[in-house]
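Okay, structure first, notes after.
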Amino acid sequence: AAGVIQSPRHLIKEKRETATLKCYPIPRHDTVYWYQQGPGQDPQFLISFYEKMQSDKGSIPDRFSAQQFSDYHSELNMSSLELGDSALYFCASSLRIAGLYNEQFFGPGTRLTVL
Amino acid sequence: QQPVQSPQAVILREGEDAVINCSSSKALYSVHWYRQKHGEAPVFLMILLKGGEQKGHEKISASFNEKKQQSSLYLTASQLSYSGTYFCGTEPKRGGTSYGKLTFGQGTILTVHP
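Chains A and B are the protein sequences, given in the same order. Convert by adding 58 to the 1-based position in the first sequence; the result is the number in the working numbering. Convert by adding 36 to the 1-based position in the second sequence; the result is the number in the working numbering.
Here it is in structure tokens:
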């Protein structure tokens with residue numbers, strides 16, 4: 059079965075640079091979520107999109123922005139990178155049925171290292 | 037508010053059972069359970085949407101006490117492959133509408149030895 063695809067899998071950036079992470083949800087899934095996970099920590103919700111509209115927002119810095127495109131893929135744009143942005147970034151997708159958000163399936167993640 | 041998981045760590049021998057608890061201070065819409073191995077993505081185990089609902093998947097099952105805002109994950113006859121960090125993700129009730137946003141507990145590290 060098709061899974062969530064994320065690219066790139068690894069990314070190394072310098073401080074103050076920008077980064078773009080991409081997510082391709084499972085086909086027919088209409089909702090995308092972004093999570094940030096630091097070493098030894100739980101995933102922290104950043105932002106989500108339903109049918110290309112932002113549906114909820116969490117602890118996402120103002121330096122980050124995201125969007126979902128017409129083909130349902132999503133991109134997380136990160137600017138003015140800081141050392142503390144180094145983490146695993148997961149994208150997850152789900153299918154909303156009858157107003158309910160169902161199980162979220164996670165992609166393999168993008169490991170971002172800021173030097 | 038982050039749900040609280042207990043215990044923080046469990047060590048088992050193959051074939052033993054374990055229970056992991058997840059407790060929230062907020063009224064919950066749903067509880068999701070995931071298992072994550074080091075450096076990998078969280079893998080979905082199950083979702084509980086209604087109070088008292090119990091779901092099962094082979095030797096892994098879960099319950100959800102809506103009144104107490106608590107969920108428990110039951111692992112029976114553990115296998116080596118069960119090792120990993122288990123997270124509960126909770127979605128608080130907000131006006132009867134689901135937004136899908138999950139807040140994860142701090143995780144429970146489960147280690148199964150031969």
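In this text, a Cβ means the ideal position worked out from N, Cα and C, and glycines have one as well.
Just reading off the beta strand (DSSP E) that residue i is part of, what are its end residues?
i: residue 133/A; result: 132-136
i: residue 101/B; result: 96-101
i: residue 57/B; result: 54-59
i: residue 70/B; result: 64-72
i: residue 108/A; result: 102-108
i: residue 64/A; result: 63-65
i: residue 125/B; result: 120-128
i: residue 120/A; result: Premise fails: residue 120/A is in no beta strand (DSSP E) and is neither H nor E.
i: residue 74/A; result: Run containing residue 74/A: none; DSSP gives neither H nor E here.
i: residue 135/B; result: No beta strand (DSSP E) contains residue 135/B, which DSSP labels as neither H nor E.
i: residue 144/B; result: 144-149
i: residue 170/A; result: 168-172
i: residue 49/B; result: 45-49
i: residue 150/A; result: 145-152
i: residue 196/A; result: Chain A is shown from 59 up to 173; residue 196/A falls before or after that span and cannot be answered.
i: residue 191/B; result: The structure shown does not extend to residue 191/B, since chain B spans only 37 to 150, so no value can be given for it.
Pull up the distance between the alpha-carbon of residue i and that of residue j, whole angstroms please.
i: residue 77/A; j: residue 50/B; result: 44 Å
i: residue 122/A; j: residue 112/B; result: 42 Å
i: residue 47/B; j: residue 74/A; result: 43 Å
i: residue 108/B; j: residue 94/B; result: 16 Å
i: residue 60/B; j: residue 123/B; result: 13 Å
i: residue 145/B; j: residue 98/B; result: 17 Å
i: residue 129/B; j: residue 110/B; result: 25 Å
i: residue 53/B; j: residue 69/B; result: 17 Å
i: residue 134/A; j: residue 114/B; result: 38 Å
i: residue 63/B; j: residue 78/B; result: 24 Å
i: residue 117/B; j: residue 81/B; result: 13 Å
i: residue 72/A; j: residue 66/A; result: 16 Å
i: residue 126/B; j: residue 107/A; result: 18 Å
i: residue 115/A; j: residue 124/A; result: 11 Å
i: residue 75/B; j: residue 165/A; result: 12 Å
i: residue 118/A; j: residue 93/A; result: 9 Å
i: residue 97/A; j: residue 171/A; result: 12 Å
i: residue 83/B; j: residue 96/B; result: 12 Å
i: residue 55/B; j: residue 71/B; result: 14 Å
i: residue 111/A; j: residue 149/A; result: 16 Å
So, at 6 Å on beta carbons, what are the nonlocal neighbours of residue i in its own chain, with the 5 sequence-adjacent residues on each side left out?
i: residue 169/A; result: 68, 146
i: residue 82/A; result: 63, 131
i: residue 40/B; result: 59
i: residue 85/B; result: 66
i: residue 73/B; result: 120
i: residue 42/B; result: 57
i: residue 105/B; result: 60, 64
In its own chain, which residues sit with a C-beta less than 8 Å from the C-beta of residue i, not counting the 5 before and 5 after it?
i: residue 147/B; result: 45, 46, 47, 48, 119
i: residue 161/A; result: 152
i: residue 113/A; result: 89, 106, 107
i: residue 136/B; result: 127
i: residue 38/B; result: 139, 140, 141, 142
i: residue 155/A; result: none
Apart from the five residues on each side of it in sequence, which residues of its chain come closer than 7 Å, Cβ to Cβ, to residue i?
i: residue 136/A; result: 76, 77, 121, 122, 143
i: residue 84/A; result: 60, 61, 62, 151, 163
Residues from the segment 96-114 of chain A in contact with chain B, defined by Cβ distance under 7 Å: Residues 100, 101, 103, 106, 113, 114.
Count the C-beta pairs between the segment 125-142 of chain B and the segment 91-103 of chain A that are closer than 8 Å, then say yes if the count reaches three, no if not. The answer is yes - the segment 91-103 of chain A touches the segment 125-142 of chain B, with three or more Cβ pairs under 8 Å.
At a CB distance below 8 Å, what residues from the segment 67-93 of chain A approach chain B? Give them in sequence order. For the segment 67-93 of chain A, the beta-carbon criterion of a distance under 8 Å to any beta-carbon of chain B is satisfied by 89, 91.
Along the segment 138-149 of chain A, what residues have a CB closer than 7 Å to any CB found in chain B? Here the close residues are 148.
Anything in the segment 131-145 of chain B with a Cβ closer than 8 Å to a Cβ of chain A? List those residues in chain order, please. Listed in sequence order: 133, 134, 135, 136, 137, 138, 139, 140, 141, 142, 143.
Please name the residues in the segment 68-82 of chain B whose beta-carbon is closer than 7 Å to at least one beta-carbon of chain A, in chain order. Residues of the segment 68-82 of chain B whose Cβ lies closer than 7 Å to any Cβ of chain A, in chain order: 68, 77, 78, 80.
The segment 98-115 of chain B: positions lying closer than 8 Å to chain A by Cβ: Those would be none; no residue qualifies.
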